[in-house]
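Asks:
Residue numbers (UniProt numbering): 1 to 152.
Shown next, in the form of C-alpha cells:
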C-alpha cells in the first residue's frame, strides 16, 4: 500500500513540473491563476503525503529530477494546443487516474487519510477540467480542495 502512496507522491512532483511549464509558457495569460492554483494543489498534496512516507521510511524528493523532466517534457507536447482542445485532452487524460485513486481509497485498509487525500486531490483536478470543458471556471473546485486540506 505504501508503494501506491509513493507513486501518488511522484505524480505530485510530475504535476508540479507539468503545470509550472504551462504557467510559464501557455499563450493564454488569462489562465495563469488556474495554472498557479493547480500547482498549489499539487504542492499541498505532496506536502501532506510526506509525513506518511517519512513514517514508513520511504525516501522521497520533491525535486526528483526524473519526474520533473518527465512533467516538463509531457507539457511541451501539449503547450501548442488551443484552450478548448487542451481542456478536452486534459479532462480525458486525468479521468482514469481519478477512477484509479478513488479505487485505491476504497481498497485501503491502512493510511486511509492519505488515500482519501490522493483521491480527493485527483477528483478536484478532474472536476476542475470538467467545469472548464463546460465553459465554467474550475478555480472554485480547486480552491475548495485547498481550503479543506490547508487546515491539516
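Glycine included, every Cβ here is placed at the ideal spot set by N, Cα and C.
Going by C-alpha to C-alpha distance, which of 76, 85 and 45 sits closest to residue 132?
Replies: The count along the chain shown starts at 1 and reaches residue 132 at position 132. Measuring from the Cα of residue 132, the nearest candidate turns out to be 85.
Asks: Name the two residues that bound the continuous alpha helix (DSSP H) containing residue 8.
Replies: Residue 8 sits at position 8 when you count from the first residue of the chain shown. 2-25 is the span of the alpha helix (DSSP H), which, as asked, contains residue 8.
Asks: Could you name the residues of the same chain whose beta carbon sits closer than 7 Å to that of residue 115, not counting the 5 residues immediately before and after it, in chain order?
Replies: Along the chain shown, read from residue 1 onward, the residue named residue 115 stands at position 115. Counting only Cβ-Cβ distances below 7 Å, and skipping sequence neighbours, we find 104, 105 and 108.
Asks: Roughly how many angstroms lie between the CA atoms of residue 142 and residue 57, to the nearest whole one?
Replies: Translated into positions along the chain shown, residue 142 becomes position 142. Translated into positions along the chain shown, residue 57 becomes position 57. Looking at the two C-alpha atoms, the distance is approximately 30 Å.
Asks: Alpha carbon to alpha carbon, what distance is there between residue 77 and residue 21?
Replies: Here residue 21 refers to the residue found at position 21 when the chain shown is read from its first residue. Here residue 77 refers to the residue found at position 77 when the chain shown is read from its first residue. Residue 21 and residue 77: Cα-Cα distance of roughly 11 Å.
Asks: May I have the straight-line CA-CA distance separating residue 113 from residue 36, to the nearest angstrom?
Replies: Numbered from its first residue, the chain shown carries residue 113 at position 113. Numbered from its first residue, the chain shown carries residue 36 at position 36. Roughly 25 Å separates the two Cα atoms.
Asks: Kindly provide the ranges of any alpha helix (DSSP H) runs that are 4 or more residues long and lie completely inside the region 72-139, ordered along the chain.
Replies: DSSP runs (the alpha helix (DSSP H)) wholly in the region 72-139: 83-107 and 112-133.
Asks: So, are the CB atoms of residue 45 and residue 12 less than 7 Å apart?
Replies: Sequence index remark: in the chain shown, residue 45 carries index 45 (1-based). Sequence index remark: in the chain shown, residue 12 carries index 12 (1-based). Going by C-beta atoms, residue 45 is nearer than 7 Å to residue 12.
Asks: Which stretch, first to last residue, makes up the alpha helix (DSSP H) that contains residue 51?
Replies: One-based indexing of the chain shown puts residue 51 at position 51. Here the alpha helix (DSSP H) through residue 51 covers 32-55.
Asks: Can you tell which of 31, 32, 8 and 34 has its C-alpha closest to the C-alpha of residue 61?
Replies: Mapped onto the chain shown, residue 61 falls at position 61. For residue 61, the nearest C-alpha among the options comes from 8.
Asks: For residue 64 and residue 2, I'd like the C-alpha separation in whole angstroms.
Replies: For the purposes of this step, residue 64 is taken as residue 64 along the chain shown, with counting starting at 1. For the purposes of this step, residue 2 is taken as residue 2 along the chain shown, with counting starting at 1. Taking the CA atoms as reference points, residue 64 sits about 18 Å from residue 2.
Asks: Just mark residue 34 as buried or exposed, buried being the case when its beta carbon has 16 or more other beta carbons within 10 Å.
Replies: On the chain shown, residue 34 is found 34 positions in, with the first residue counted as 1. Flag for residue 34 reads buried.
Asks: For residue 137, collect the residues of the same chain with a Cβ closer than 7 Å to its Cβ; drop the 5 residues on either side in sequence, then sort them by chain order.
Replies: Residue 137 sits at position 137 when you count from the first residue of the chain shown. Only 131 meet the Cβ criterion.
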